[in-house]
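Undergrad:
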Amino acid sequence: MPYYNDRHITARCFTDKESSVPRKSDARAKAIATAERLFCTSGYAATGLARILEESGAPKGSFYFHFPRGKAELAEEVIEAYRARTTALFRVLVERAKGDPRAFVTSLAQGIAGEMERSGWSMGCVAMALAQEVAPADAALTDALERVFAEWARIMAEGIRRPDEVSTAAEVQTRALALLAALEGARVIARTMRSREPFEAVVHQFRCSGLIPRV
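Note that the sequence shown covers residues 2 to 216 in my numbering.
#1: Given this structure, state the Cα-to-Cα distance separating Phe66 from Asp165, to the nearest angstrom.
#2: Enumerate in chain order the residues of its own chain whose CB-to-CB distance from Thr143 is below 6 Å, with the five nearest sequence positions on each side excluded.
#3: Should Gly167 go down as buried or exposed, given a rule of 16 or more other Cβ atoms within 10 Å for buried?
#4: Below 8 Å on the Cβ atoms is my guess for Ala158 versus Leu146; work out the distance and round it to an integer in Å.
#5: Where do the ends of the alpha helix (DSSP H) carrying Asp144 lie?
#6: So what's Lys61 in DSSP terms, helix, strand or just coil?
#7: In whole angstroms, give me the CA-to-CA distance for Thr87 and Ala32.
#8: Ignore the nearest five residues each way along the sequence and tell me which others in Ile80's own chain have a CB closer than 8 Å to its CB.
#9: Could you give the distance in angstroms between the alpha-carbon of Gly186 and the alpha-carbon of Phe200?
Below, the structure is given as structure tokens:
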């Protein structure tokens, strides 16, 4: 299979979020989307409920109807919404790669880089942003974040496993965790550099190291 480098298709995959775009009347979805953006750009601790309510346009009464426990419950819902959206996207990339680990890793890195670039490098990974602030102090949020990272690693293991894979499941999972760690680190550096280069470096290194062997 040729080396997968179709940025247009990958970008469409990462930007096709029609089903997750909240309707104007959906106060709950608006609050979740607004909180995700603010947690990424301003941080969890620095984002107060007043700002979330103001920018989402959600009435205070309806907010507490949907999130009785306030900001902590909203953060849990942000994590769940982000998990559902990203895992669905990652699974699409696994299917499109058709058993080619290089195609999967390349399209995954390009997709994340493109998403950040389109946001002007302001948006990173909300799961990582929250993890840096709340883990391990907030047990509930930490557990939710742990489940997200574990699920991503499992999907990545599917993406980098060749049809004729001879490595054990544990070995493939270790490589997947290394890939996840590299991509999350690339997000931080790319946001600072405002460049795709860190993601390109991850792909290059994984190809050269044999961690994503040619099919």
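Even glycine gets a Cβ: it sits at the ideal position worked out from N, Cα and C.
TA: Taking the structure as given:
#1: To locate residue 66, count along the sequence shown from 1; it is residue 65. To locate residue 165, count along the sequence shown from 1; it is residue 164. If I take the Cα positions, the gap works out to 52 Å.
#2: If you number the sequence shown from 1, residue 143 lands on position 142. Cβ neighbours of Thr143 beyond the five flanking positions: Ala136 and Pro137.
#3: Along the sequence shown, one-based indexing puts residue 167 at 166. Per the sequence presented here, residue 167 reads as Val, with Gly not at that position. By the 10 Å Cβ count, Val167 comes out exposed.
#4: By one-based count along the sequence shown, residue 158 stands at place 157. By one-based count along the sequence shown, residue 146 stands at place 145. A Cβ-Cβ separation of about 19 Å leaves Ala158 out of contact with Leu146 under the 8 Å criterion.
#5: Locating residue 144 in the sequence shown gives position 143, where the first residue counts as 1. That run of the alpha helix (DSSP H) goes Ala140 to Ile161.
#6: What you label residue 61 is simply residue 60 of the sequence shown in a count that begins at 1. DSSP places Lys61 in helix when its eight states are reduced to three.
#7: Taking the sequence shown and counting its residues from 1, one reaches residue 87 at position 86. Taking the sequence shown and counting its residues from 1, one reaches residue 32 at position 31. Computed Cα separation, rounded: 19 Å.
#8: Along the sequence shown, read from residue 1 onward, the residue named residue 80 stands at position 79. Answer for Ile80: Val127, Ala128, Leu131, Leu142, Ala145, Leu146 and Val149, listed in chain order.
#9: Here the question's residue 186 lines up with position 185 in the sequence shown. Here the question's residue 200 lines up with position 199 in the sequence shown. Gly186 and Phe200: Cα-Cα distance of roughly 9 Å.
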